[in-house]
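Q: Below is one structure. I have some questions about it.
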Amino acid sequence: MIITNVENVPGKEIAVHYGLVSGSTVRAKHIGRDFMASLKNIVGGELKGYTELLSDSREESMERMKTQARSLGANAIINIRFSTSSIAQGASELYAYGTAVKLIDSTS
Amino acid sequence: MDGLTVTFVNLGIPLGLVLIGLIVGSILEKKHFKSIREREKLTLKLPIINIDSYDKTKTLKKAYLVTGSVVISVDYFKRFLAGLRNIFGGRVVTYESLVDRARREAILRMKEKCPAANLIINLRIETSTISKQGRSGQKSVGCVEAIAYGTAIQYAI
């Protein structure tokens, strides 16, 4: 499955549009990480645990989006956008959305 | 405990945390900025644009999505200064450097994921705060997340 965040896939032609597909996950931090994070909050700097957690969850929401696109019969998703929102204390939602399309090799 | 000791403890702990934040935090930030500058020089040959356009005269080998993200936390000293700033208003320089660090690091991570690419098009950067309820109940800036994503273009040569 080809995934891009531009309006077409360079070098290919769009044959069919299947419409919007999306995937989301809501994740909460766990206590062990939260404790380390609050220690790190004193001195600042990167919170590796959170970085990992968020990129893992983003992967998962992409995976859900891909599953949806596959069930529609698409072989690519274009114009992907990500958005993050914190819905409650300590939990954030990672949302990915794009347009599912079927691609054919460009004739020109 | 007499009243003096109590005041000392009550004042001492936050002051100590602010001092630790000032010393360790600024060392960490300097180190991070140094590493960012070095890595930016190394990845300088991979240009990034934020429009959807590339050299159409060349044949393409691959086009794929690349992402990079980072979560960076505020230190106590910065939070303290920002709290002071909240009284008078104006530029919060300490937070400016924080988001700057996060964005540049996210872009660098994205670039480092596709060393074979010739160009990254349609770059988008998004920033979100992971708010953290303080112990006293008020909301405080816990940490900031930056994510950069774009489409990597690889020409067939």
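As you go down the protein sequences, you meet chains A and B in turn.
The first sequence begins at 24 in my numbering and counts up one residue at a time.
The second sequence begins at 161 in my numbering and counts up one residue at a time.
We put the beta carbon where it would ideally sit given N, CA and C, even for glycine.
#1: Report yes if the CB atom of Ser143 of chain A is closer than 8 Å to the CB atom of Ala123 of chain A, and no otherwise.
#2: Please confirm if Ser257 of chain B has its CB atom under 8 Å from at least one CB of chain A.
#3: Assuming Ala308 of chain B and Leu283 of chain B form a contact by the criterion Cβ under 8 Å, report the distance between their Cβ atoms to the nearest whole angstrom.
#4: Below 8 Å CB to CB, which residues in the same chain sit around Arg261 of chain B once its five sequence neighbours on both sides are set aside?
#5: Exposed or buried, which one is Asp215 of chain B when buried takes at least 16 other CB atoms within 10 Å?
#6: From what residue to what residue does the beta strand (DSSP E) around Asp138 of chain B run?
#7: Is Gly176 of chain B helix, strand or coil when you go by DSSP?
#8: Classify Ala277 of chain B as helix, strand or coil using the three-state DSSP reduction.
#9: In terms of alpha-carbon separation, which member of A:Ala51, A:Thr48, A:Tyr73 and A:Val49 lies closest to Met59 of chain A?
#10: Can you give me the start and stop residues for the alpha helix (DSSP H) that Asn246 of chain B sits inside?
#11: Going by DSSP, which residues form a beta bridge with Phe58 of chain A?
#12: Just to confirm my understanding: we take Leu268 of chain B, look at its own chain, exclude 5 residues before and 5 after, and list those with CB closer than 6 Å. What are they?
A: Per the coordinate set shown:
#1: Residue 143 of chain A lies beyond the residue range present for chain A, which begins at 24 and ends at 131; the question has no answer from this structure.
#2: For the purposes of this step, residue 257 of chain B is taken as the residue at position 97 of the second sequence. It does not; no Cβ of chain A falls within 8 Å.
#3: What you label residue 308 of chain B is simply residue 148 of the second sequence in a count that begins at 1. What you label residue 283 of chain B is simply residue 123 of the second sequence in a count that begins at 1. About 6 Å separates the two Cβ atoms, so the contact holds.
#4: For the purposes of this step, residue 261 of chain B is identified with residue 101 of the second sequence, where counting begins at 1. Closer than 8 Å at the Cβ level, and outside the excluded window around Arg261 of chain B, lie Glu189, His192, Phe193, Ile196 and Ile232.
#5: By 1-based counting over the second sequence, the position of residue 215 of chain B is 55. Asp215 of chain B should be labelled exposed.
#6: Given that chain B is displayed from residue 161 to residue 317, the structure contains no residue 138 of chain B and the question cannot be resolved.
#7: As a position in the second sequence, residue 176 of chain B is number 16, starting the count at 1. Here Gly176 of chain B sits in helix by DSSP.
#8: Against the second sequence, residue 277 of chain B aligns to sequence position 117. Three-state result, Ala277 of chain B: coil.
#9: Walking along the first sequence from the start, residue 59 of chain A turns up at place 36. It is A:Tyr73.
#10: Within the second sequence, the letter at position 86 stands for residue 246 of chain B. Tyr236 to Phe248 is the extent of the alpha helix (DSSP H) around Asn246 of chain B.
#11: Looking up residue 58 of chain A in the first sequence gives position 35. DSSP output for Phe58 of chain A lists no bridge partner at all.
#12: Here residue 268 of chain B corresponds to residue number 108 of the second sequence, with the count starting at 1. Hits under 6 Å: Arg199.
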